[in-house]
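Chemist: Below you'll find the structure I mean.
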Amino acid sequence: MELSSILYLTKISSKLFNSNTDVVVGNVYIPPEGSPYFQPDTFDQIENELRNFSRNYKNICLYVIGDFNSRTAEEPEFIEVDINEHEDDFTEFVENDLAILDILDIDKKRRNMDKTKNRSGSNLLELCKANSLFIVNGRIGTDKTESGKFTCKNSSVVDYFICACSFLQFVNNFEVLEFSRLYSDVHCPIFYRFFS
Numbered sequence: 001m002e003l004s005s006i007l008y009l010t011k012i013s014s015k016l017f018n019s020n021t022d023v024v025v026g027n028v029y030i031p032p033e034g035s036p037y038f039q040p041d042t043f044d045q046i047e048n049e050l051r052n053f054s055r056n057y058k059n060i061c062l063y064v065i066g067d068f069n070s071r072t073a074e075e076p077e078f079i080e081v082d083i084n085e086h087e088d089d090f091t092e093f094v095e096n097d098l099a100i101l102d103i104l105d106i107d108k109k110r111r112n113m114d115k116t117k118n119r120s121g122s123n124l125l126e127l128c129k130a131n132s133l134f135i136v137n138g139r140i141g142t143d144k145t146e147s148g149k150f151t152c153k154n155s156s157v158v159d160y161f162i163c164a165c166s167f168l169q170f171v172n173n174f175e176v177l178e179f180s181r182l183y184s185d186v187h188c189p190i191f192y193r194f195f196s
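In terms of UniProt numbering, the sequence shown is residues 1 to 196.
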């Protein structure tokens with residue numbers, strides 16, 4: 001795997017999953033707005049890295065997880081298309097992703113206890129829309145039943161797990177665990193499990 005300035009990539013062999021598809025988990029940290037380390041073009045950089053990755057690596061599931069410092073409320077990360085207004089190839093592409101959610105019995109509307117949206121949240125939603133990525137938080141496993149639990153200071157959701165819709169089928173569980181100073185100063189640990 002190539003080194004990335006934004007994503008720290010970890011490859012997991014397909015042998016662990018008894019499949020033909022390797023898994024790559026990209027860990028990300030985006031400093032909050034107002035931080036001296038914040039770069040306004042970070043989401044553009046991530047988008048470029050994701051596109052380069054998908055161009056260079058075929059037949060690999062890519063998941064991105066980490067502290068995006070993004071608050072998205074419950075706004076959708078996919079384009080909602082009115083079929084009566086638009087009938088073109090793009091509409092069909094979006095509908096295919098949404099059909100996958102239906103097939104997997106995954107709600108289109110994700111749950112989120114954090115009802116606030118910030119600029120980085122808007123950027124994350126746009127990144128997802130532009131690259132057909134879906135947010136796992138509040139949509140799968142324990143976090144779905146817990147209504148999209150807070151990930152930071154028991155007051156915000158800034159840590160996310162995102163992936164292509166077709167890769168959601170491999171995610172067995174997603175859970176925001178109880179806060180522990182052992183793991184972080186303010187963030188709750190995130191637990192996820194893949195089907196094996």
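Cβ coordinates follow ideal geometry from the N, Cα and C atoms, glycine included.
Please read these numbers as outputs of a predicted model, since none were measured by experiment.
1. What is the rounded straight-line gap between the Cα of Lys108 and the Cα of Leu101?
2. State the Cα-Cα distance for the pair Val157 and Tyr57, rounded to the nearest angstrom.
3. If you scan the segment 107–145 from start to end, which runs of the beta strand (DSSP E) of 3 or more residues do you find wholly inside it?
4. Just to confirm, is the Cβ distance from Ala70 to Gly121 under 7 Å?
5. I'd like to know whether the C-beta atoms of Ser13 and Asn20 end up nearer to each other than 7 Å.
6. Would you list the one or two residues that DSSP bridges to Cys163?
7. If you draw a straight line from the alpha carbon of Pro31 to that of Phe38, how long is it in whole angstroms?
8. Determine which residues share a DSSP beta bridge with Phe156 and list them.
9. Could you give the distance in angstroms between the alpha-carbon of Val136 and the alpha-carbon of Ser54?
Modeler: Answer, in terms of the structure:
1. The count along the sequence shown starts at 1 and reaches residue 108 at position 108. The count along the sequence shown starts at 1 and reaches residue 101 at position 101. Between Lys108 and Leu101, the C-alpha separation is close to 7 Å.
2. As a working mapping, residue 157 is identified with position 157 in the sequence shown. As a working mapping, residue 57 is identified with position 57 in the sequence shown. Between Val157 and Tyr57, the C-alpha separation is close to 31 Å.
3. 133–135
4. Within the sequence shown, residue 70 is the residue found at index 70, counting from 1. Within the sequence shown, residue 121 is the residue found at index 121, counting from 1. As written in the sequence, residue 70 is Ser, which differs from the Ala given in the question. Yes, these two residues count as a Cβ contact at 7 Å.
5. For the purposes of this step, residue 13 is taken as the residue at position 13 of the sequence shown. For the purposes of this step, residue 20 is taken as the residue at position 20 of the sequence shown. No, Cβ-Cβ distance for Ser13 and Asn20 is not below 7 Å.
6. Taking the sequence shown and counting its residues from 1, one reaches residue 163 at position 163. DSSP lists Tyr63, Phe134 as partners of Cys163.
7. On the sequence shown, residue 31 is found 31 positions in, with the first residue counted as 1. On the sequence shown, residue 38 is found 38 positions in, with the first residue counted as 1. Their backbone Cα atoms lie some 5 Å apart in a straight line.
8. Start at 1 with the first residue of the sequence shown, and residue 156 comes out as number 156. Note on residue identity: the sequence assigns Ser, not Phe, to residue 156. DSSP, once it has assigned bridges, lists Cys152 as partnering Ser156.
9. The residue labelled residue 136 in the question sits at position 136 within the sequence shown. The residue labelled residue 54 in the question sits at position 54 within the sequence shown. Computed Cα separation, rounded: 20 Å.
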